[in-house]
Structures are given as C-alpha cells and as structure tokens.
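Chemist:
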Amino acid sequence: MSDDLWRRASVFTDDTPVILLVDDEATTLQTLSLQLGQEFRVVTASGGPAAMAVLDNQGPVAAIVADKRMPDMDGIELLEHVRLRYPDTSRVLHTGQADLAVAISAINSGNVFGFLTKPCPTRELRRTVREAVERHRVVAAERDVSGRTLRATLQALFGWMELANPLAFARAGRIRDLVAALGRELELDDVWQIEVAAMASQLGAVTLPPSVLDKLDRGLPLPDNEQQLTDAIPSVAAKLLRDVPMLEDVVEAMRTLGSTEDRRAVARAQPASPAVSLTVGVLRAAIEFDTLVSRGVGTDSAFAHLVRGGGHSGQVVDALRRVCSGMDVPDRVVHAVRVAELEVGMHFAEDVVAPNGLTLVGGGVAVTEGIMDRLVNFKRKGQLTEPILVTLPAAESPAAEAPEED
Amino acid sequence: MSDDARSSIRTRIEDLIDDGDACEIALIERLVASFLDRAPGLIADLFDAVAQHDAPAARHWAHKLKGAASNLGVSTVAELSFDVERLAAEAQLAPIAGYRSRIEHALAGARVDFTQILGELARAA
Numbered sequence: 075m076s077d078d079l080w081r082r083a084s085v086f087t088d089d090t091p092v093i094l095l096v097d098d099e100a101t102t103l104q105t106l107s108l109q110l111g112q113e114f115r116v117v118t119a120s121g122g123p124a125a126m127a128v129l130d131n132q133g134p135v136a137a138i139v140a141d142k143r144m145p146d147m148d149g150i151e152l153l154e155h156v157r158l159r160y161p162d163t164s165r166v167l168h169t170g171q172a173d174l175a176v177a178i179s180a181i182n183s184g185n186v187f188g189f190l191t192k193p194c195p196t197r198e199l200r201r202t203v204r205e206a207v208e209r210h211r212v213v214a215a216e217r218d219v220s221g222r223t224l225r226a227t228l229q230a231l232f233g234w235m236e237l238a239n240p241l242a243f244a245r246a247g248r249i250r251d252l253v254a255a256l257g258r259e260l261e262l263d264d265v266w267q268i269e270v271a272a273m274a275s276q277l278g279a280v281t282l283p284p285s286v287l288d289k290l291d292r293g294l295p296l297p298d299n300e301q302q303l304t305d306a307i308p309s310v311a312a313k314l315l316r317d318v319p320m321l322e323d324v325v326e327a328m329r330t331l332g333s334t335e336d337r338r339a340v341a342r343a344q345p346a347s348p349a350v351s352l353t354v355g356v357l358r359a360a361i362e363f364d365t366l367v368s369r370g371v372g373t374d375s376a377f378a379h380l381v382r383g384g385g386h387s388g389q390v391v392d393a394l395r396r397v398c399s400g401m402d403v404p405d406r407v408v409h410a411v412r413v414a415e416l417e418v419g420m421h422f423a424e425d426v427v428a429p430n431g432l433t434l435v436g437g438g439v440a441v442t443e444g445i446m447d448r449l450v451n452f453k454r455k456g457q458l459t460e461p462i463l464v465t466l467p468a469a470e471s472p473a474a475e476a477p478e479e480d
Numbered sequence: 006m007s008d009d010a011r012s013s014i015r016t017r018i019e020d021l022i023d024d025g026d027a028c029e030i031a032l033i034e035r036l037v038a039s040f041l042d043r044a045p046g047l048i049a050d051l052f053d054a055v056a057q058h059d060a061p062a063a064r065h066w067a068h069k070l071k072g073a074a075s076n077l078g079v080s081t082v083a084e085l086s087f088d089v090e091r092l093a094a095e096a097q098l099a100p101i102a103g104y105r106s107r108i109e110h111a112l113a114g115a116r117v118d119f120t121q122i123l124g125e126l127a128r129a130a
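Chains as they are written, first to last, in the numbering used here: chain L, 75 to 480; chain H, 6 to 130.
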C-alpha cells in the first residue's frame, strides 16, 4: 500500500524535515505515517536493511524512528549503524512495554535520542519527533559552523605553507586542483575533505631535502632511499593531524596512503570506510597521474599507464580522463606580466626563482593574494626579475601585450 | 464485546484524529480496513507455526499480531497475543492451541466495534 494514502494535503517546502519510519508491521507504519505525515516528509522502510538502503540512496534524514523488534536487523542494531554512518540523524526507538529496559539502556549509552512506547499517543509522538528534528537542526548547524571554520583554517595553513615552501607545495596544489575536479566529476560528497587530504598528503614534503623535492616535482624516478622518504610523506601528515576533530577520515586516508607500517596497522584495525577508500583511490590516481605528466608523459600515455598498471578504479580513471579532456577545452595562453599585473585566477607558467636561486613560487600554482604579497615584497627588495610568465584561459586572455620596461 | 474493549478502540481512534473531517475519517477507515484484512493472515501464520512446533516463528507472529492490534487499540487481541508470545518464548506450544478461537472471537468483536465507532465518526464529520 502506498504511503501516499496516509499523507494529508500538507504544503511542504524544501525546509520541511524528512523523517524515516521503520517497522516490519505494515499497519503500524501506516499509522505512524498518518500521525506524522502532516508535519514532516515521511519516508518508510519495512526493516533494517531496507532503511539503510533508503539512507544510502536518498541521503541522511533529520530523524529516524525504528521499531525495536524486527527480523534480520533489530532496532538497536539499525540505530547503531545509523549512528556510525549518519551521526547527525536523531535516533528514536519505538518499542513495546516488554523492551523498556533495553530502550532505557540504549538512551543511557548515548545510542538513541529517545524512545516511544507502543501504541504511542499522537501528541507524545509528535512532541518527541519534533524534539528529535530540532536536535538534528542544532547539531547540523554546529557542524556546519565548525566545518567552515576548519576549512578556512586549513586553507590559511596551506596558503602559508605554499608561501613558505613553494617547491614542496607546488605539487600539492596541482594535486588538490585535480582531485577537486575529480570529486565534482564523480559527484562526491564532502569534496573539501578530499582537497584537504590532497594538501595534507604533501604536508610531509617539508621534511624532504630540496634535491628530492625537485625530482618529485618533475616526476623523476627516485632511488630506493629517496623513494622511502617520499612514501612516508602521508604518514607525517597523519601524525600532525591526528588530533584535529572532523579530520578523522583524512587522517585514516593519510595512514592508508602512508608507510607500509601505517598501512598494516590500518588494515589490522578495520577495513577502510567507503569514504576513506574512495578518497585514497582518488588521491592515488591523481598523484600517479601528476607524476607521469610532470615527467613529460602525454596525458593519453599516462591514462594507458594507469589502466595497465592496475590498482586504480576504472570509475576514477574514466572520471580523470573526462576531467582532463574538459581541462583541455579552455586552452591556456601564456602571458608575460609584471608583479603589479598579477591577478587571482592566473597560474604561474614556470617556477618563479629569485636571483639567489630561491624558488619563490612553483610552476603551475594558482595566483593568490598571499603569493602576490610575497612577490611584491621580493620585488621591492630588488630580488625578483620581471616579467613573470603566467597562463590564463584563452577566453579570458587580453590581447597579448609586451610588458612595459622598468 | 465489552465496554472496556470498545472504549480502548474508541480512545485510540480519537487519538488519531486531528480535524475529524470526512477525508480524515476516510483515511482512518482505510487504516482499520488494512488491519482487518491482515489480521486473519497473521493468525493463520501464528497457528501454522504452532502446528509445525516452530516456537520462534510462533513467537514472531504473535508479536506481530500484538503490535498490529495494539496499534489500533484492539486490546483484547493484543492481550491474547501477548500471552501467546510469552508462551512461545518459553517454547510452551501445547497451551497455545486453545487461544485460536479466543483470538478470532476477539477480532470479530473488534470488527463490530470498529464499524460502530467509525460510523458514528463519519456521521459527525
């Protein structure tokens, strides 16, 4: 029987909270839908596995009300799965009198927000679900603020490191741009986490000697001892970031990418979550692709190498191919500009090197306000030779002009 | 059926009503019809499990019947189903057989009560 039968003629907006009702008894599900359908968008599932499928397919909901006793997966087990995978969703246990002790225990252990006894009076049911939805709203809002704060802080940190060690972070910036495009192409959630993982994956590059960094940046083969140093880069990031809240998946990805010891430890602990596996897969493909292209390998040959070498998801490699073909469309044109003419959105066409040999900015890096400030300061001190070669998409390029002489 | 049984159903149905308009009464009628359609099948599944000496299955079906009945305030069926569920949990299947006619009788009484209560509500809408 369609749930629409029990839905009143309510006017819902995009902000109307979605709730998931789970019970293996059809008439109970229909009654709950009738009681709650006027105030909430109601989605129903007839059991635990079906409920998880609904969440995986349709995305998280504000609150879930689950029957305690169901075959295949009982309510406590279902709500535990939901807690792990969708921690912001408020969880309510719907139970008979006989299971009250279990319900109270679940609340005390923090596994559920509340419980309802069967048959639940409408007023109590609506009040509890309203409170559960409100709790979800507060948690989601707090998480949003925390997330934005964290992202802005990390952006500042990575921006500063790009300035402090351009050689180490030129590559990180390229990989970040690549995985960001890949994340969008694959329509992944939380692309920002993958971008952070890309930058974090190169945090440890500051520990490498400049000669190794240079080879790494140019994609050159490394002798075994240098390759070991390079392989350990993500593990350095994992140690640095391990206590940062909300970066648990990024740290796990770093450990999975990192040294053999870390990988073994992660594998022993538990299989990687789908989100971490995906992040690692995207990062590995992007890093290997960047290495090949930096070495001068053509993109077609690089894709062929990725496929031939195995170990990469076909879905990721296909997305990478689409991203790169898309990137080729707006041809970039090289311009010679003065420091004062730099603009955000340009990319450096080559390393910007001071007369004393110090690399100020890596080739391929996007122009940022921080980088512009750095170059202005070096220019004032007479430690920068103009013009600087940058690239712009052909469509945005002004007619080529020769830079004015000093 | 007893006044208590009818009162239990009436209390639950009234609890489910917001506006009491004809549309809402029609929705509740469909809810009741859904229960009355499904209940005989649940009873049959329960006693099939008892006949096959399958105590866990009997407990499962008794639990489902109890939940479906209490959901609409059919306390007579819910209480009998609760007894059966408890007996099945203890693997005491022999005494359960005698419950069939009592549960069916209670369900028949609930059907009459529903008809009367919903009729009154429809006339008032």
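Here a beta-carbon is modelled for each residue, glycine too, at the ideal position from N, C-alpha and C.
Owing to the predicted nature of the structure, the values given are computational and were not obtained by experimental measurement.
If you measure beta-carbon to beta-carbon, which residues of the segment 100 to 129 of chain L are closer than 8 Å to chain H?
Modeler: Those would be 100, 101, 102, 104, 105, 108, 109 and 112, in chain order.
Chemist: Quickly, what does DSSP pair residue 422 (chain L) with across the bridge? List them, please.
Modeler: In the DSSP output, where bridge partners are listed per residue, residue 422 (chain L) has L:464.
Chemist: Looking at residue 268 (chain L) and residue 280 (chain L), is the spacing between their C-beta atoms short of 8 Å?
Modeler: Against a cut-off of 8 Å, the Cβ pair of residue 268 (chain L) and residue 280 (chain L) comes out as no contact.
Chemist: Rounded to the nearest angstrom, how far is the Cβ of residue 377 (chain L) from that of residue 395 (chain L), given a contact under 8 Å?
Modeler: About 6 Å; that satisfies the 8 Å criterion.
Chemist: Between the segment 65 to 83 of chain H and the segment 10 to 25 of chain H, are three or more C-beta pairs nearer than 8 Å?
Modeler: Yes: the two stretches touch, three or more of their Cβ pairs being nearer than 8 Å.
Chemist: With a floor of 3 residues, list each beta strand (DSSP E) that falls wholly inside the segment 106 to 142 of chain L, ordered by position along the chain.
Modeler: Counting whole runs of 3 or more residues, the segment 106 to 142 of chain L contains the beta strand (DSSP E) stretches 115 to 119 and 137 to 141.
Chemist: State the beta-bridge partners of residue 433 (chain L) as determined by DSSP.
Modeler: Paired residues: L:427.
Chemist: Specify, as a first and last residue, the run of the beta strand (DSSP E) that residue 174 (chain L) falls within.
Modeler: Taken as a continuous stretch (DSSP letters only), residue 174 (chain L) belongs to no beta strand (DSSP E), being part of the alpha helix (DSSP H) at 174 to 182.
Chemist: Flag residue 200 (chain L) as yes if its beta-carbon sits less than 8 Å from any beta-carbon of chain H, otherwise no.
Modeler: Not an interface residue.
Chemist: Taking C-beta to C-beta, are residue 12 (chain H) and residue 104 (chain L) nearer than 8 Å?
Modeler: It is not a contact, given that the beta carbons lie outside the stated cut-off.
Chemist: Tell me which residues of the segment 236 to 269 of chain L have at least one Cβ-Cβ distance to chain B shorter than 8 Å, keeping chain order.
Modeler: Chain labels in this structure do not include chain B; the protein chains are L and H.
Chemist: Are residue 356 (chain L) and residue 390 (chain L) touching if we call contact CB-CB under 8 Å?
Modeler: It is a contact, given that the beta carbons lie within the stated cut-off.
Chemist: How many angstroms separate the CA atom of residue 80 (chain H) from the CA atom of residue 44 (chain H)?
Modeler: About 14 Å.
Chemist: I need the DSSP call for residue 210 (chain L), collapsed to helix, strand or coil.
Modeler: Residue state, collapsed to three classes: helix.
Chemist: Beta-carbon within less than 6 Å of residue 98 (chain L)'s beta-carbon, same chain only, minus the 5 sequence neighbours each way: which residues are those?
Modeler: Answer for residue 98 (chain L): 120, 121 and 144, listed in chain order.
Chemist: Could you give the first and the last residue of the continuous alpha helix (DSSP H) run that contains residue 250 (chain L)?
Modeler: Unbroken alpha helix (DSSP H) run through residue 250 (chain L): 240 to 259.
Chemist: How about residue 196 (chain L): is its C-beta nearer than 8 Å to some C-beta of chain H?
Modeler: Taking Cβ atoms only, chain H reaches closer than 8 Å to residue 196 (chain L), which makes this a yes.
Chemist: Looking at the C-beta of residue 26 (chain H), does it have a partner C-beta in chain L at a distance below 8 Å?
Modeler: Not one chain L Cβ lies under 8 Å of residue 26 (chain H).
Chemist: Given this structure, state the Cα-to-Cα distance separating residue 90 (chain H) from residue 93 (chain L), to the nearest angstrom.
Modeler: Those two C-alpha atoms are separated by around 31 Å.
Chemist: Counting only Cβ pairs nearer than 8 Å, list the residues of chain L close to residue 43 (chain H).
Modeler: Within chain L, the residues near residue 43 (chain H) are 100 and 101.
Chemist: When we look at the beta-carbon of residue 234 (chain L) and count the other beta-carbons within 10 Å, is it buried (16 or more) or exposed?
Modeler: Exposed, by the Cβ-count rule.
Chemist: Please name the residue or residues paired with residue 92 (chain L) in a DSSP beta bridge.
Modeler: Residue 92 (chain L) pairs with L:115.
Chemist: What's the gap between the Cα of residue 362 (chain L) and the Cα of residue 416 (chain L)?
Modeler: Rounded to the nearest angstrom, the two C-alpha atoms are 31 Å apart.
Chemist: For residue 21 (chain H), would you say it is in contact with chain L, using Cβ-to-Cβ distances shorter than 8 Å as the test?
Modeler: So yes, residue 21 (chain H) belongs to the interface.
Chemist: What number of angstroms, rounded off, separates the C-alpha of residue 46 (chain H) from the C-alpha of residue 259 (chain L)?
Modeler: Taking the straight line from one Cα to the other gives about 50 Å.
Chemist: Specify the secondary structure class of residue 316 (chain L) as computed by DSSP and reduced to three states.
Modeler: Correct three-state label for residue 316 (chain L): coil.
Chemist: Which residues in the same chain as residue 118 (chain L) place their Cβ atom closer than 7 Å to its Cβ, once the five residues preceding and following it in sequence are excluded?
Modeler: Only 77, 95, 103 and 107 meet the Cβ criterion.
Chemist: Please report the distance separating the alpha-carbon of residue 142 (chain L) from that of residue 96 (chain H).
Modeler: When rounded, the distance between both Cα atoms is 22 Å.
Chemist: Output, in sequence order along the chain, the residues in the segment 178 to 194 of chain L whose CB is closer than 9 Å to any CB in chain H.
Modeler: Cβ contacts with chain H come from 192 and 193.
Chemist: State yes or no: is the C-beta of residue 293 (chain L) within less than 8 Å of the C-beta of residue 366 (chain L)?
Modeler: Cβ distance < 8 Å, so residue 293 (chain L) and residue 366 (chain L) count as in contact.
Chemist: Below 8 Å on the Cβ atoms is my guess for residue 109 (chain L) versus residue 199 (chain L); work out the distance and round it to an integer in Å.
Modeler: About 5 Å separates the two Cβ atoms, so the contact holds.
Chemist: Flag this pair as yes or no: are the beta carbons of residue 206 (chain L) and residue 164 (chain L) separated by less than 8 Å?
Modeler: For residue 206 (chain L) and residue 164 (chain L), yes; Cβs fall inside 8 Å.
Chemist: For the segment 21 to 32 of chain H and the segment 452 to 462 of chain L, state whether three or more C-beta atom pairs, one from each stretch, are separated by less than 8 Å.
Modeler: Taking 8 Å as the limit for Cβ pairs, the verdict is that the segment 452 to 462 of chain L does not touch the segment 21 to 32 of chain H.
Chemist: Identify the continuous beta strand (DSSP E) that holds residue 165 (chain L) and give its terminal residues.
Modeler: Residues 164 to 169.
Chemist: Under 7 Å Cβ-Cβ, which residues of chain H neighbour residue 143 (chain L)?
Modeler: Chain H residues near residue 143 (chain L): 68.
Chemist: Comparing alpha-carbon positions, which option in L:312, L:317 and L:319 lies nearest residue 329 (chain L)?
Modeler: Of the candidates L:312, L:317 and L:319, the one whose C-alpha sits nearest the C-alpha of residue 329 (chain L) is L:312.
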